[in-house]
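For the sequence shown, this note's numbering gives the first residue as 5, with consecutive numbering after it.
Cβ coordinates follow ideal geometry from the N, Cα and C atoms, glycine included.
Heads up, the thing below is written out as structure tokens.
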Amino acid sequence: MNMPITASQSAETRWLTPEQKAAYERDGAIVIKGVFKDWIEPLRAGFDKVLNNPSEHGRENVTGNDTGRFFEDYCNWQRIPEFKRWIEQSPGAAIVGEATGSERIQVFHEHILVKEPGTSKATPWHQDLPYYCVDGEQTGSYWIPLDPITPENALQVVLGSHRWPRLVRPSKWSTNASWYKEDSHFMEMPDIDGGDFEIMIPEMELGDALLFNFKTVHGAPGNQTMNRRRAFSTRFMGDDVRYVDRGDATSPPFDGINLQTGDRMREDWFPVVWQR
Ligand SMILES: O=C(O)CCC(=O)C(=O)O
Numbered sequence: 005m006n007m008p009i010t011a012s013q014s015a016e017t018r019w020l021t022p023e024q025k026a027a028y029e030r031d032g033a034i035v036i037k038g039v040f041k042d043w044i045e046p047l048r049a050g051f052d053k054v055l056n057n058p059s060e061h062g063r064e065n066v067t068g069n070d071t072g073r074f075f076e077d078y079c080n081w082q083r084i085p086e087f088k089r090w091i092e093q094s095p096g097a098a099i100v101g102e103a104t105g106s107e108r109i110q111v112f113h114e115h116i117l118v119k120e121p122g123t124s125k126a127t128p129w130h131q132d133l134p135y136y137c138v139d140g141e142q143t144g145s146y147w148i149p150l151d152p153i154t155p156e157n158a159l160q161v162v163l164g165s166h167r168w169p170r171l172v173r174p175s176k177w178s179t180n181a182s183w184y185k186e187d188s189h190f191m192e193m194p195d196i197d198g199g200d201f202e203i204m205i206p207e208m209e210l211g212d213a214l215l216f217n218f219k220t221v222h223g224a225p226g227n228q229t230m231n232r233r234r235a236f237s238t239r240f241m242g243d244d245v246r247y248v249d250r251g252d253a254t255s256p257p258f259d260g261i262n263l264q265t266g267d268r269m270r271e272d273w274f275p276v277v278w279q280r
């Protein structure tokens, strides 16, 4: 006899297999296949709108003798309807809810990154959390390629690095200078390429997403292919995420947030977009 599936059972098992949930906890990153196929065109349209009219946060990372263009921008979702729809209506938030075992998911922000063909500049190995004004374990960041990618230009992750006991010192990608004035409490990034680390270079098709914990170390080569490499990211926060005052401007800055370390993230700025 078929047992009826209750709402909470179906919510728990709808998107991820138990193996994927276990892998997310163990490795801090998983690839989700095919779920976002119908979102590629709308996200490309939204991406173009930001490129044509960047925000005050828009940032060029190619400097000096570097070639190509590596541009990024973030926190545009409230003004870009395609991004707002993705955040509120795609299964993205629900999947983070399942992956992190959270009851509720808030959106933190979205982020676009483009590397034009012939871009020499790599994305340095880094963790996202030390740049952010939040702390917590129940986090999920999507990296969704909007152009076909190859191992030559894909985002790579260091499996298990979300469990490192200390956060890694954040730096500015364009100059490699420290992000914060006072950063002695962070550890230096170990030599990932020369060390004994398990690196995942995901094989992804359009419609796939890489989901990773805010603490998972990631980076990417430049883009020496003939194709643009556009990527759309969104950062979601689960139950244990709290504000942290890092004593300096974070990235994104969220000026005027008016919270104290340990506070829940305010829901007027970071709406709840999924509940179990
Ligand atoms: O696309 C890239 O090269 C970097 C992406 C990244 O660091 C992120 O989404 O957190």
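Between D212 and N262, what straight-line distance do the alpha-carbon atoms span, to the nearest angstrom? Cα to Cα, D212 sits roughly 37 Å from N262.
When you compare only the Cα positions, how much space is there between R1 and Q228? In the structure displayed, the chain extends from 5 to 280; residue 1 sits before or after that span and is not available.
Starting from the C-beta of K25, find all residues in its chain whose C-beta is less than 7 Å away, skip the five residues before and the five after it, and write them out in chain order. The beta carbon of K25 is closer than 7 Å to those of E102 and A103 in its chain, skipping five residues each way along the sequence.
Using 8 Å as the Cβ pair cut-off and three pairs as the minimum, do the stretch 201-210 and the stretch 235-253 touch? With a cut-off of 8 Å, the stretch 235-253 and the stretch 201-210 do not count as touching, because too few Cβ pairs lie within range.
When you measure from the CB of W81 to every non-hydrogen atom of ligand 1, does any distance come out below 7 Å? W81 has its CB no nearer than 7 Å to any heavy atom of ligand 1.
Could you please give the first and the last residue of the uninterrupted alpha helix (DSSP H) stretch that includes P282? In the structure as shown, the chain begins at 5 and stops at 280. Residue 282 is therefore absent and cannot be evaluated.
Quickly, what does DSSP pair V111 with across the bridge? List them, please. In the DSSP assignment, the residues bridged to V111 are F240.
To the nearest angstrom, report how far apart A33 and M191 are at their CA atoms. If you draw a straight line from the Cα of A33 to the Cα of M191, it comes to about 22 Å.
For E141, which residues of its own chain have a beta-carbon under 7 Å away from its beta-carbon, when the five flanking residues on both sides are left out? Closer than 7 Å at the Cβ level, and outside the excluded window around E141, lie D244.
Could you give the distance in angstroms between the alpha-carbon of T123 and the alpha-carbon of L55? In a straight line, the C-alpha of T123 is about 17 Å away from that of L55.
Of the residues C137, V66 and L150, which one's Cα is nearest the Cα of A49? Measuring from the Cα of A49, the nearest candidate turns out to be L150.
Report all residues from its chain with a CB closer than 7 Å to the CB of T71; omit the five preceding and five following residues, and keep chain order. These residues qualify, in order along the chain: G122, T123 and S124.
Check whether the Cβ atoms of I196 and V221 sit closer than 8 Å, and answer yes or no. Contact flag set, yes.
Ligand 1 heavy atom lying under 7 Å from the CB of T154: Not so, every heavy atom of ligand 1 lies at least 7 Å from the Cβ.
Other residues of its chain near M193: CB distance less than 6 Å, five sequence neighbours each side excluded: So the list reads W129 and V172, once near-sequence residues are dropped.
Quick check: the Cα distance between R83 and T254, rounded to an integer number of angstroms? Taking the straight line from one Cα to the other gives about 22 Å.
What's the gap between the Cα of T265 and the Cα of V277? Computed Cα separation, rounded: 23 Å.
Beta-carbon spacing of W183, Y135 below 8 Å: Yes, the pair counts as a contact, with Cβ atoms nearer than the cut-off.
N- and C-terminal bounds of the alpha helix (DSSP H) containing F51: Taken as a continuous stretch (DSSP letters only), the alpha helix (DSSP H) holding F51 covers I44 to N56.
A27: first and last residue of the uninterrupted alpha helix (DSSP H) it sits in: Taken as a continuous stretch (DSSP letters only), the alpha helix (DSSP H) holding A27 covers P22 to D31.
Going by beta carbon distance, what residues of the same chain come within less than 6 Å of F75, once the five residues before and after it are set aside? Apart from the 5 residues on each side of it in sequence, F75 sits with its Cβ closer than 6 Å to the Cβ of E64 and V118 in its chain, given in chain order.
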